[in-house]
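Novice: Quick one: the structure is below, questions incoming.
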Amino acid sequence: MTRTFEDLVAEADSVSVAGWDFSWLAGRATEQRPSWGYQRMIGERLTRASAALDVQTGGGEVLAGTGATLPKVMVATESWPPNVARATALLHPLGAVVVADPDEPPLPFADRAFDLVTSRHPVTVWWEEIARVLRPGGTYLAQHVGPASVFELVEYFLGPQPEEVRRGRHPDDARRGAEAAGLEVVDLRFESLRTEFLDIGAVVYFLRKVIWMVPGFTVDAHRDRLAELHRRIEREGPFVAHSTRYLIEARRPA
């Protein structure tokens, strides 16, 4: 049975968006995954680390999902209170400590505290702080969101964005930032990945959860554009966008 616009939007507007688990979108949206397999990669590194830090861990789902035996010292930081509580419940039984941190420098750790720092989709990256808390020979291994990610959807609601906005989060800038902080970039890979939104509820949920895509997004404020997009999806099929991701590995010289 075809569901109405109002039903789809009401459901997506009422469901919890706490944590960083997108399983609610199963059957409603699809996204290609990067070829490098970030979660598997950090799982392998964690088994060899003696002290590790996961920055901006969200609800702790990525770290917990590695299935790896965590190092003796395992810390995760997160700024959003609902995610702090969620990550604590998920990671404490695995032996990780969750620290509430505002994602502003300085990181609340001593110099040279960790031999591995990880982060999946950090909102901001403080390269000097990462370099400071890494031990000599230590590694920062992260998957970042790239430039103009899902901008087909962003620009549907906000209109064409200036070039400097579209170019934000460029991997070349990450390389320069890491090197300026004294790190050596040993791996940098970029991919553009097809993303499909199969119904308008998926769009609403995504924009409620990834709040920086369309700042201030609410169903009431964007109802007309949502209704138009709903009709477009019914008429033409899934709304297609492209997410961008890059893997970066940077080391502090021994």
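In this note's numbering, each number is its position in the sequence shown, counted from 1, plus 1345. Glycine included, every Cβ here is placed at the ideal spot set by N, Cα and C.
With DSSP run on the structure shown, which of helix, strand or coil describes residue 1376?
Specialist: Residue 1376 falls in the strand class under three-state DSSP.
Novice: I'd like to check one pair, residue 1419 with residue 1399: are the Cβ atoms closer than 9 Å?
Specialist: Cβ atoms of residue 1399 and residue 1419: closer than 9 Å.
Novice: By a C-beta neighbour count over all protein chains shown, 10 Å radius and 16 as the cutoff for buried, is residue 1516 buried or exposed?
Specialist: Counting Cβ neighbours within 10 Å, residue 1516 comes out buried, since at least 16 surround it.
Novice: Which runs of the alpha helix (DSSP H) fall wholly inside the segment 1423-1448 and span at least 4 residues, in chain order?
Specialist: Counting only runs of 4 or more, we get 1426-1436.
Novice: Alpha carbons only, please: which of 1403, 1383, 1382, 1354 is nearest the one belonging to residue 1367?
Specialist: If we check each option's Cα against that of residue 1367, 1403 comes out closest.
Novice: Thinking C-beta only, is residue 1538 closer than 9 Å to residue 1406?
Specialist: Not a contact, by the Cβ cut-off of 9 Å.
Novice: Could you give the distance in angstroms between the alpha-carbon of residue 1570 and the alpha-carbon of residue 1502?
Specialist: Their backbone Cα atoms lie some 7 Å apart in a straight line.
Novice: Using only the alpha-carbon positions, how far apart do residue 1576 and residue 1457 sit?
Specialist: Looking at the two C-alpha atoms, the distance is approximately 55 Å.
Novice: Does residue 1395 come out as helix, strand or coil in the three-state DSSP assignment?
Specialist: Residue 1395: coil per DSSP, three-state reduction.
Novice: For residue 1359, is the classification buried or exposed, using 16 other Cβ atoms within 10 angstroms of its Cβ as the cut-off for buried?
Specialist: Exposed, since its Cβ has fewer than 16 Cβ neighbours within 10 Å.
Novice: May I ask which residues mark the beginning and end of the beta strand (DSSP E) holding residue 1595?
Specialist: Its beta strand (DSSP E) spans residues 1584-1596.
Novice: In whole angstroms, what separates the C-alpha of residue 1556 from that of residue 1587?
Specialist: Roughly 18 Å between the two C-alpha positions.
Novice: Measure how close the beta-carbons of residue 1593 and residue 1533 come, nearest whole angstrom, since I'm counting them as under 8 Å.
Specialist: That pair is a contact at about 5 Å.
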